[in-house]
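In this note's numbering, the protein residues as written are 68 to 406. Backbone N, C-alpha and C fix where the C-beta goes; we use that ideal spot for every residue, glycine too. Presented below is the structure to which this report refers.
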Amino acid sequence: MSDLHLGLVGVGRIGVMHARNIVGTPGVGRLTIADVDPDRARQVADELGASAARDVEALLAAGVDGLVVATGTASHPDLIRAGVDAGVPVFSEKPVAPDVALSLPVLEHVAARAGVVRIGHQRRCDPGYREARRAFAAGELGWLHAVRAVTCDVAPPPVAFIATSGGLFRDVSVHDFDVVRWVTGRDVVEVYARGSSNGDPAIAQAGDVDSALAVCTLDDGTLAVVTASRYNGAGHDVRLELQGSRATLQVGLDDSSALRSAEPGVRFPSGTPHATFADRFADAYRAEITAFTDLVRGEGGEELCTPADAVAASAVADAAQESLRTGVPVRVPVPVTAA
Ligand SMILES: NC(=O)c1ccc[n+]([C@@H]2O[C@H](COP(=O)([O-])OP(=O)(O)OC[C@H]3O[C@@H](n4cnc5c(N)ncnc54)[C@H](O)[C@@H]3O)[C@@H](O)[C@H]2O)c1
């Protein structure tokens with residue numbers, strides 16, 4: 068296949084980053100952009116030497132080889148379907164849909180048309196998470212007596228975004244639920260969640276918590292604790308610790324880790340902490356776009372998250388939101404296997 072022509076719909080916070088990565092990916096010859104805000108699509112296209120289409124129909128009619136979806140979550144189902152119906156591979160930002168119930172018809176549609184769809188859980192393209200998965204699968208850690216996953220932002224997004232985000236577990240921790248499943252090769256069968264709201268009262272008024280913890284039981288009895296906060300003054304903090312019977316390994320422990328030691332004389336970590344997810348996972352976001360272009364050419368892309376796996380992570384997030392609401396442990400439904 069000659070140079071690829073990719074389409075991108077949605078150029079907000081993450082879409083602009085994908086646009087830059089797409090034009091910087093070897094083998095991509097052309098990018099066409101659409102957004103409900105056509106001026107925004109035109110502006111980003113002009114900045115990057117790309118083309119703008121007036122809407123997604125025009126974008127697909129332009130003969131793209133693959134579609135990248137980076138719009139708000141509510142529009143993912145329709146846009147994934149549109150790409151599949153146009154017969155092109157689709158890479159959509161997470162999640163497939165706002166919740167599992169809305170995701171299942173999308174999985175059925177993709178399966179019925181043998182669509183090629185992958186979902187943006189970029190940690191699967193991060194070297195640290197990949198090494199954790201390899202080391203555990205190789206038996207180097209033994210059996211796991213504790214798994215600890217952390218995702219903390221420095222400051223909350225606008226309250227208007229939080230109000231439509233589906234909650235902290237669906238918005239933030241869904242990435243941790245995905246990697247807990249992916250790294251351990253186990254399903255989460257039960258979640259018990261608690262949350263707290265000591266930051267801006269507007270977040271609680273919008274129906275969410277600003278910090279939360281979920282105790283997850285995996286299908287072999289292993290316990291994983293997933294924590295998240297909107298208020299981590301030390302920096303953007305994303306880590307995964309696997310504590311095993313033989314060895315312990317931590318993803319995200321390097322000179323940029325957003326923590327400091329209480330021990331006298333210890334100078335580690337000595338670098339500048341990451342400020343945002345875009346900074347922390349810059350290489351992983353580039354790698355997932357490269358993997359998608361490989362997939363479009365039919366040459367690889369195995370590391371990318373399938374829709375079924377993304378929905379399985381969303382099922383854990385849904386259960387965590389339900390546990391947060393009810394105050395009791397919630398069973399996670401049997402994982403989805405279609406698509
Ligand atoms: N993988 C990650 O780490 C990560 C990080 C942030 C956001 N996300 C996901 O990316 C998605 C976008 O998030 P964001 O923060 O960039 O949002 P955003 O609101 O900043 O940007 C969304 C853009 O899509 C456009 N848009 C919305 N609906 C559209 C439609 N139907 N057709 C065309 N354009 C449309 C908007 O005008 C806007 O420009 C969300 O689903 C979010 O869950 C993933």
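Residues in its own chain within less than 6 angstroms of residue i by CB, not counting five upstream and five downstream?
i, result
"D245", "H188, A380"
"A117", "L98, I100"
"E257", "T284, P396, R398"
"H72", "R97, V131, D132"
"G182", "V151"
"S232", "D238"
Identify whether residue i lies in helix, strand or coil by the three-state DSSP scheme.
i, result
"E207", "coil"
"S170", "helix"
"E35", "The requested residue 35 does not occur in the structure, where the chain is confined to residues 68 to 406."
"L71", "strand"
"A407", "Residue numbering for the chain in the displayed model covers 68 to 406; residue 407 lies beyond these limits and cannot be assessed."
"V383", "helix"
"T373", "coil"
"T218", "strand"
"A349", "helix"
"V163", "coil"
"A178", "helix"
Along the beta strand (DSSP E) that carries residue i, what are the first and last residues, could you check?
i, result
"D193", "D193 -> no beta strand (DSSP E), and no H or E assigned at all."
"L98", "95 to 101"
"V157", "157 to 160"
"G187", "184 to 187"
What does a CB cutoff of less than 7 angstroms around residue i pick up in its chain, not counting 5 residues either side in sequence?
i, result
"S264", "I270, A271, V276, D277"
"E389", "V397"
"N299", "C219, D220, V221, A325"
"K161", "I186, G187, H188, V241, A377"
"L316", "A199, A202, L208, L309"
"A112", "I100, S118, A119"
"A355", "Position check: residue 355 holds Glu in this sequence, whereas Ala was assumed. Result list for E355: G187, Q189, C192, L371, in chain order."
"T357", "T92"
"R107", "V78"
How far does the alpha helix (DSSP H) with residue i in it reach, from first residue to last?
i, result
"F228", "226 to 230"
"L146", "143 to 152"
"V399", "Looking at the DSSP string, V399 is not in any alpha helix (DSSP H), and its letter there is neither H nor E."
"R237", "Looking at the DSSP string, R237 is not in any alpha helix (DSSP H), and its letter there is neither H nor E."
"R87", "80 to 90"
State the CB to CB distance for the pair residue i and residue j, rounded to an integer number of angstroms; the pair is presumed to be in contact (CB under 8 angstroms).
i, j, result
"P374", "L174", "6 angstroms"
"G77", "A137", "4 angstroms"
"D135", "G74", "Contrary to the premise, residue 135 reads as Val rather than Asp in this sequence. Indeed they touch by this definition, with Cβ atoms about 7 angstroms apart."
"A149", "L127", "6 angstroms"
"V250", "R200", "5 angstroms"
"A119", "F236", "The Cβ separation is near 36 angstroms, so there is no contact."
"V95", "D70", "7 angstroms"
"S312", "H212", "6 angstroms"
"G133", "F359", "7 angstroms"
"A216", "A291", "7 angstroms"
"D267", "P223", "7 angstroms"
"A279", "R253", "Actually they do not touch by this definition, with Cβ atoms about 22 angstroms apart."
"P165", "A141", "6 angstroms"
"A281", "P340", "The Cβ separation is near 24 angstroms, so there is no contact."
"R347", "H303", "5 angstroms"
"V293", "D243", "5 angstroms"
"R121", "P105", "6 angstroms"
"G195", "A230", "Not confirmed; about 33 angstroms, so no contact."
Please work out which residues of its chain come closer than 8 angstroms, Cβ to Cβ, to residue i, disregarding the five sequence neighbours upstream and downstream, and give them in chain order.
i, result
"F335", "D322, S328"
"S337", "D322"
"A125", "A101"
"S296", "C219, D220, D277, S278, A279"
"R306", "R215, A216, V217, Q317, V318, G319, L320, S324"
"V167", "V378, S381, A382, D385, P400, V403"
"W210", "T289, G311, S312"
"P129", "In the sequence as presented, Pro is not what sits at residue 129; that position holds Ala. If we look at A129 and ignore the five residues flanking it on each side, its Cβ neighbours are H72, G74, T99, S118, A120."
Write down every uninterrupted run of the alpha helix (DSSP H) in the stretch 107 to 138 whose length is 4 residues or greater and which is fully enclosed by it, in chain order. Taking 4 residues as the shortest admissible run, the stretch 107 to 138 contains the following complete alpha helix (DSSP H) segments, listed from N- to C-terminal end: 123 to 128.
Quick check for students: name the residue ranges of the alpha helix (DSSP H) that lie wholly in the stretch 241 to 275, counting only runs of 4 or more. You should have 241 to 251, 268 to 272.
Entirely within the stretch 284 to 347 and at least 4 residues each: give me those alpha helix (DSSP H) ranges in chain order. Scanning the stretch 284 to 347 for uninterrupted alpha helix (DSSP H) segments of 4 residues or longer gives 344 to 347, listed from N- to C-terminal end.
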